[in-house]
Amino acid sequence: MKTTLRGRLMLSFLLAILATTIILVLVANVVTRDRFTYMVSFSGQRTVQRLAPVFTSYYVQVGSWEGVETVMDWYNETRFQGMQDDAPHPMNPRWEKDYRPEVFAEDRLLLLDSNGNIVADSAPEAGQIKLPSGIEEKGALITVDNRHVGALVIVSALGELNVYQSDFLRQVTRLLIAAGVLIGIIGIVVSGIQAKRIVAPVKAISKAAQQIATGDFSQRVPVAGDDELSEMAATFNTMATELERQQELRHRAMADIAHELRTPLSVLQIELESIEDGLSEPTPETIAGLQSEIVHLGRLVEDLRVLSLTDAGELHLDLEPVAVGSLVAGVVERMHRAAAEKGLHLAVKGAESAATVQGDARRLTQVLLNLLANAVQYTPAGGTIIVAIETTGDQNVSITVQDTGVGIAPEHQLHVFERFYRVDAARSTKGSGLGLSIAKSLVQAHGGRIQVTSTVGQGSTFTVSLPLMPAAILPKTPGSA
Ligand code: ADP
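Counting from 251, one number per residue, gives the positions in the sequence shown under the working numbering.
Structure representation (structure tokens):
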């Protein structure tokens, strides 16, 4: 049989309740019995203390216990008659007022002689009674002229309870069991409700997870309260949202890849067909155009390859000490023409920096070229692009590419490093939305970080931080000690 979480929870709740109730009932019962027996015994002792003078006076008058049954009869009668205030007393008519015994109606009174043998029994019909040794101590000793002539004992003082007393204890036990059963029922109801409350979100999550497994990423679960379960539900929803976004990105990526490949391929096909049909001449210009499409295709394929390699952690880096100053100078040099053609001012700050990083110069160049190409593309004529090198502490060097371009809105800043993410596809006609994600992957492969800050209409600043090469392993430059 399948054991459900709800069943298991209820079972554990019930076991806990059952154990607690049984222990409580048992302890309460034992304590009540113990205290009650003590109380009965104590009150029995008090009774015999009060009755002892009656028997003493009998002994004094008669000189022995002979005929003492009359006193026992009086005892029996008095207690059965309810002991009216004016009940007569066989020895002392005033006694009733002075020594009125406060006894339970069923208390069996025994009179023992000096040897501990029973001389008189208030209820011989109740059967033989086995007396433990030292019994006298539990009763009242009867002494006449400093002579121990007997002892008066009440049976309940021996720990033996009469019918009413036992009945009282049975009543208490019954009540305790009833209370236990009631607690158990309340426990079942409460644990049932609690178990349902705990299991409901788990079930909801499990159902939603199954739906997600079948590809329905729109599934969300309700989040109520602020306990761990609602936290789990909220985390699940975040995960579902992320999965949905990833799925969307994947779909878009496939569509983008298809689109990116189709455009240059169509151009190539049309151009080649028109040459084949004799509609156009294979002039150097036409061939250059075809080549540029092939270069574009090649770059796209290469970008995808780099991304898949970094994803798999298999990108090979040719690590060597790279002087950041000359790296930046080289990239700026390569971008100078493009910037100038667009009427942009391109400047470098901190080119003299001696910062050196352990890196793959080709890949780092690719990162900076992507950033600079974007800055050139998204900065209108007359704008400025500044590439600055700054050493932060003795751990990192940061390279910032700052432009005065169109800027990126905050909601897009979070996503620009994602694959195929383009803020405005119409505006970035040349780009495929891979440049920044490649830059990020490459920087991360170097143990660095890349960030963006931007204000729409004012410009963007992309910052690449790379760990500096430790001084101990820096290559010695001429002139250095
Ligand atoms: P693309 O190759 O399409 O430029 P990127 O990954 O390099 O793709 O950039 C992603 C998006 O980020 C671009 O579509 C562009 O909208 C935005 N972006 C990148 N750099 C800048 C910049 N310097 N200024 C404004 N927007 C930028």
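Even glycine gets a Cβ: it sits at the ideal position worked out from N, Cα and C.
Small disclaimer: the values here were computed from a predicted structure and weren't measured.
Remark: the shortest separation between the CB of D561 and any heavy atom of the ligand ADP does not fall under 8 Å. Between the alpha carbons of F670 and E552 lies a gap of roughly 15 Å. For G434 and T271, the gap between their C-alpha atoms comes out near 7 Å. Only residues of its own chain outside the window of five on either side were considered, and among them T634 have a CB closer than 6 Å to the CB of H595, listed in chain order.
Taken in chain order, the complete beta strand (DSSP E) segments of 3 or more residues contained in the stretch 482-567 number zero; there are none. Taken in chain order, the whole beta strand (DSSP E) runs of length 3 or more contained in the stretch 388-467 are 390-394, 397-404. Comparing alpha carbon positions, the residue from D371, Y414, E494 closest to V403 is D371.
About 6 Å separates the CB atoms of V574 and S603; that is less than 8 Å, so the two are in contact. The straight-line gap separating the alpha-carbon atoms of R495 and S648 is approximately 31 Å. Per DSSP, reduced to three states, the secondary structure at H665 is coil, with no helix or strand assignment. Listed in chain order, the non-local C-beta contacts of A407 below 6 Å within the same chain comprise S291, G294, Q295, K388, local neighbours out to five positions each way being set aside.
Remark: C-beta atoms of G657 and G709 approach each other more closely than 9 Å.
Looking at the backbone, the Cα of L577 and that of I639 are separated by about 11 Å. Leaving aside the five residues that flank A588 on each side, the residues in its chain whose CB is nearer than 8 Å to its CB run, in chain order, A623, V626. Between the stretch 689-698 and the stretch 605-624 there are three or more inter-stretch CB-CB distances shorter than 8 Å, so the stretches are counted as touching. Every unbroken stretch of the alpha helix (DSSP H) spanning 4 or more residues and falling wholly within the stretch 623-675 is given here in chain order: 660-663.
For N396, the closest alpha carbon among the candidates V422, M482, T306 is that of T306. Annotation: the stretch 586-626 contains the following complete segments of the beta strand (DSSP E) (minimum length 3 residues), in chain order: 595-599, 606-609.
Taking C-beta atoms as the reference points, I448 and L261 fail to come closer than 9 Å. Take Y309, set aside five residues on each side of it, and the residues of its chain with a beta-carbon closer than 6 Å to its own are V394, V399, in chain order. Boundaries of the beta strand (DSSP E) around D371: 368-371.
Note that the stretch 422-429 touches the stretch 276-289; at least 3 beta-carbon pairs, one per stretch, sit closer than 8 Å.
Between V693 and Q663, the CB-CB gap reaches or exceeds 9 Å. Contact between the stretch 466-478 and the stretch 488-502 is present: three or more C-beta pairs spanning the two stretches fall below 8 Å. Our two residues, I436 and L419, have alpha carbons roughly 25 Å apart in a direct line. Using a Cβ distance threshold of 9 Å, T629 and G655 count as a contacting pair. According to DSSP, residue pairing for Q299 in a beta bridge does not occur. A buried status is given to I700, since no fewer than 16 other beta-carbon atoms sit within 10 Å of its beta-carbon. About 28 Å separates the Cβ atoms of A605 and L684, ruling out a contact at the 8 Å cut-off. Non-local beta-carbon contacts of G430 in its own chain, meaning distances under 8 Å to residues more than five positions away in sequence, involve T271, I272, L274, V275 in chain order.
The straight-line gap separating the alpha-carbon atoms of V473 and D653 is approximately 44 Å. DSSP, reduced to helix, strand and coil, places T253 outside both helices and strands of the structure shown, so it counts as coil. Rounded to whole angstroms, the separation of the alpha carbons of V440 and V422 is 26 Å. Cα atoms of W315 and V321: separation of roughly 10 Å, rounded to the nearest angstrom.
Take A503, set aside five residues on each side of it, and the residues of its chain with a beta-carbon closer than 6 Å to its own are R669, F670, in chain order.
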